[in-house]
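For the sequence shown, our numbering assigns the number 3 to the initial residue and increments by one for each residue that follows. Since the structure comes first, as structure tokens, the remarks are kept for the end.
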Amino acid sequence: MRRRLYFVLPDIKSAHTLMNELLLQRIDENHIHFLADQPQYLGNLPKADAMERSDVVYSAMGGFLFGAIFGLFGGILAYMVPWWFGEVSLSVIPYCMVLGAFASAAWAAAVASAAPSFRIKPYKNTIAQGNILMIVSVPLRRLNEIRLSLVSKHPEASYRGVWPAEHTLFP
Numbered sequence: 003m004r005r006r007l008y009f010v011l012p013d014i015k016s017a018h019t020l021m022n023e024l025l026l027q028r029i030d031e032n033h034i035h036f037l038a039d040q041p042q043y044l045g046n047l048p049k050a051d052a053m054e055r056s057d058v059v060y061s062a063m064g065g066f067l068f069g070a071i072f073g074l075f076g077g078i079l080a081y082m083v084p085w086w087f088g089e090v091s092l093s094v095i096p097y098c099m100v101l102g103a104f105a106s107a108a109w110a111a112a113v114a115s116a117a118p119s120f121r122i123k124p125y126k127n128t129i130a131q132g133n134i135l136m137i138v139s140v141p142l143r144r145l146n147e148i149r150l151s152l153v154s155k156h157p158e159a160s161y162r163g164v165w166p167a168e169h170t171l172f173p
């Protein structure tokens, strides 16, 4: 299980420094992403892809559930209403559910890829001011180690939180 750490960096030099620091801490380059107002400004740093910039996964899951429910209603309707081509068996209901779920999931994911992520919206003004957002996906067991290391060694990096949120079981 991985958690995403969010850091706001003031410039490209500090982004390169933190990238090197994370690579030395054995965080794979595929788990480090940067987001700037102008993506060409980042140069050879790994840019945030659609998974970080939008809510594709959550929209697809919601679309899957929504499509399955409407597929259920459509299957029941197809079973109960007599058609001109004859009786329809009861097995049409799961087929309609599966078809509706996948079609709606694909549609919802396509629509969501154009909308910004709800996790990125709080940083919109900060990024527009020329700062860089760094998103690091780290293993849960190394979360505190990496966060404390980056915060103590790099005071210019502003730690902005973790997602999914930090939980305290017993305050």
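C-beta atoms are modelled at their ideal positions from N, C-alpha and C, and glycine is treated no differently.
Does the distance from the CB of Met99 to the CB of Phe36 come in under 9 Å? With contacts defined as CB atoms closer than 9 Å, Met99 and Phe36 fail to qualify as a contacting pair.
Put Val164 into one of helix, strand or coil per three-state DSSP. In this structure, Val164 counts as strand in the three-state DSSP scheme.
What residue range does the alpha helix (DSSP H) around Leu26 cover? Leu26: member of the alpha helix (DSSP H) spanning 14-26, first to last residue.
Are the CB atoms of Asp57 and Ala114 nearer to each other than 9 Å? Yes. Within cutoff.
Quick check on the DSSP output: what are the complete alpha helix (DSSP H) runs of length 4 or more inside the segment 62-122, in order along the chain? Within the segment 62-122, the runs of alpha helix (DSSP H) at least 4 residues long that lie entirely inside it are, in chain order, 94-114.
How big is the Cα-Cα spacing for Leu11 and Leu67? Pairing Leu11 with Leu67, the inter-Cα distance amounts to about 38 Å.
Cα separation between Ala38 and Ser151? It is roughly 23 Å from the alpha-carbon of Ala38 to the alpha-carbon of Ser151.
What separation, rounded to the nearest whole angstrom, lies between the Cα atoms of Leu74 and Ile134? If you take the alpha carbons of Leu74 and Ile134, they lie about 46 Å apart.
State the DSSP-derived secondary structure class of Met53, mapped to helix, strand or coil. DSSP, reduced to helix, strand and coil, places Met53 within a helical segment of the structure shown.
Does the separation of the CB atoms of Arg55 and Pro118 fall below 9 Å? Yes, these two residues count as a Cβ contact at 9 Å.
From the DSSP output, read off the bridge partner residues of Leu189. Nothing about residue 189 can be read from this structure; the chain reaches only from 3 to 173.
Beta-carbon separation of Ser139 and Arg6 under 9 Å? For Ser139 and Arg6, yes; Cβs fall inside 9 Å.
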